[in-house]
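Novice:
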Amino acid sequence: MLNRICPIFLLFMLMCAGTVNAQFGFSHEIGFVIGPNAFQSDYGERNDFETNIGNVGLELGIVHYLNFSYRAECNCFTRYTYFNDHFKVRNELTLTTVNLEHFGRYVGDDKVSLTADQLRAMHGNTRVLNLGTQLEFFPRSIREFESGGYLLAPYAALGVQYNYYTPTVESDLGPLSDPTVLPVKYQNAYRNESGSTWSIVASVGTRYKFTETSDLLFDVRWRYYFSNWVDGLNPDENLYPENKANDWGFIINVGYIYYLNF
Numbered sequence: 009m010l011n012r013i014c015p016i017f018l019l020f021m022l023m024c025a026g027t028v029n030a031q032f033g034f035s036h037e038i039g040f041v042i043g044p045n046a047f048q049s050d051y052g053e054r055n056d057f058e059t060n061i062g063n064v065g066l067e068l069g070i071v072h073y074l075n076f077s078y079r080a081e082c083n084c085f086t087r088y089t090y091f092n093d094h095f096k097v098r099n100e101l102t103l104t105t106v107n108l109e110h111f112g113r114y115v116g117d118d119k120v121s122l123t124a125d126q127l128r129a130m131h132g133n134t135r136v137l138n139l140g141t142q143l144e145f146f147p148r149s150i151r152e153f154e155s156g157g158y159l160l161a162p163y164a165a166l167g168v169q170y171n172y173y174t175p176t177v178e179s180d181l182g183p184l185s186d187p188t189v190l191p192v193k194y195q196n197a198y199r200n201e202s203g204s205t206w207s208i209v210a211s212v213g214t215r216y217k218f219t220e221t222s223d224l225l226f227d228v229r230w231r232y233y234f235s236n237w238v239d240g241l242n243p244d245e246n247l248y249p250e251n252k253a254n255d256w257g258f259i260i261n262v263g264y265i266y267y268l269n270f
């Protein structure tokens with residue numbers, strides 16, 4: 009159901025942007041973002057602090073905004089509407105890369121079982137290309153911010169993304185086809201091949217007016233994938249309910265945004 013809703017929502021947002029452009033016009037902004045991604049997957053122990061801070065990768069990308077409050081071709085603001093003064097559409101292409109391994113009490117130095125040895129020997133990584141769009145809501149006036157009325161412009165955003173992932177699962181004990189290499193829960197539950205899925209993204213952040221034509225950006229976001237294969241592991245959730253959640257990530261972004269003159 010969600011896989012059907014996401015592309016429809018993405019198409020709806022693009023159609024809305026086109027309608028607004030036809031009626032009022034808009035300007036463009038471009039920039040880049042970079043920051044850590046705390047990737048939550050089937051590696052490690054759920055709700056474990058060491059896992060949460062251990063499997064942290066890097067996310068970087070380029071962003072493009074549709075700014076409905078300003079028309080660059082005439083160096084003027086558009087006709088006022090609440091939508092124009094409080095919303096922007098953010099399109100982005102980002103790359104996530106993260107190395108993964110098991111953390112938590114089950115792989116502690118005091119554990120001497122075969123399962124503990126198998127878990128300690130497991131490691132992997134995943135690379136995810138994320139492409140999508142978000143609708144950003146600014147509680148304060150965009151016009152006033154762009155005119156220098158205040159330095160900070162907080163916002164909240166919600167959107168969808170298409171994700172192409174390439175995971176790798178390995179073990180220092182040998183080939184994964186050997187039944188003594190992986191713990192039972194991961195046997196026949198791994199996949200070293202690329203795939204794609206949709207995700208939902210929610211963000212909160214703020215802009216800082218850096219110069220007349222540029223802003224600095226800071227935001228935190230949550231991305232929930234509609235697949236549990238992004239990390240390459242997917243144990244049977246009926247037998248192992250601790251692994252029932254799909255993969256997701258918590259990202260902290262900093263960035264630079266430049267207002268184009270066309």
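Numbering (the working numbering), first residue to last: 9 to 270.
Glycine residues also receive a C-beta, built at the ideal position from the N, C-alpha and C atoms.
Could you work out which residue in S149, I208 and P147 is closest to Y170 when comparing CA atoms only?
Specialist: When only C-alpha atoms are compared, the closest one is I208.
Novice: Since L241 and D50 should fall inside the 8 Å C-beta cutoff, what is the C-beta to C-beta distance between them, to a whole number of angstroms?
Specialist: About 4 Å; that satisfies the 8 Å criterion.
Novice: Roughly how many angstroms lie between the CA atoms of S35 and G157, to the nearest whole one?
Specialist: Taking the straight line joining both Cα atoms gives about 20 Å.
Novice: So the candidates are V189, T59, L101 and I38; which of them puts its Cα closest to the Cα of G69?
Specialist: If we check each option's Cα against that of G69, L101 comes out closest.
Novice: Could you tell me the distance, in whole angstroms, from the CA atom of P162 to the CA atom of M130?
Specialist: Each residue's Cα considered, the two are about 42 Å apart.
Novice: Residue ranges of each beta strand (DSSP E) run of no fewer than 3 residues wholly in the region 192-259, ordered along the chain?
Specialist: Fully enclosed beta strand (DSSP E) runs of 3 or longer: 203-219 and 222-233.
Novice: Would you kindly check if the distance between the Cβ of R215 and the Cβ of L143 is under 9 Å?
Specialist: Result no, Cβ atoms of L143 and R215 do not sit closer than 9 Å.
Novice: By how many angstroms is the C-alpha of T123 removed from the C-alpha of Y248?
Specialist: So the two alpha carbons sit approximately 15 Å from each other.
Novice: My assumption, with CB atoms under 8 Å, is that G132 sits in contact with P175. Please give the rounded CB distance.
Specialist: Yes, G132 and P175 are in contact; Cβ-Cβ is about 6 Å, under 8 Å.
Novice: Taking DSSP as the reference, what is the three-state secondary structure of Y329?
Specialist: Since the first residue shown for the chain is 9 and the last is 270, residue 329 is missing from the structure and cannot be characterised.
Novice: Do Y232 and N251 have their C-beta atoms within less than 9 Å of each other?
Specialist: Result no, Cβ atoms of Y232 and N251 do not sit closer than 9 Å.
Novice: According to DSSP, is L137 helix, strand or coil?
Specialist: In this structure, L137 counts as strand in the three-state DSSP scheme.
Novice: In terms of alpha-carbon separation, which member of A197, F234 and R148 lies closest to Y173?
Specialist: Ranking A197, F234 and R148 by Cα distance to Y173 puts F234 first.
Novice: May I have the straight-line CA-CA distance separating L184 from L190, to the nearest angstrom?
Specialist: Going from the Cα of L184 to the Cα of L190 covers about 7 Å.
Novice: Is G157 helix, strand or coil by DSSP?
Specialist: Coil, per DSSP.
Novice: Which value, in whole angstroms, describes the spacing of the CA atoms of T134 and T89?
Specialist: When rounded, the distance between both Cα atoms is 43 Å.
Novice: Please report the straight-line C-alpha distance between I61 and Q48, rounded to a whole angstrom.
Specialist: Taking the straight line joining both Cα atoms gives about 10 Å.
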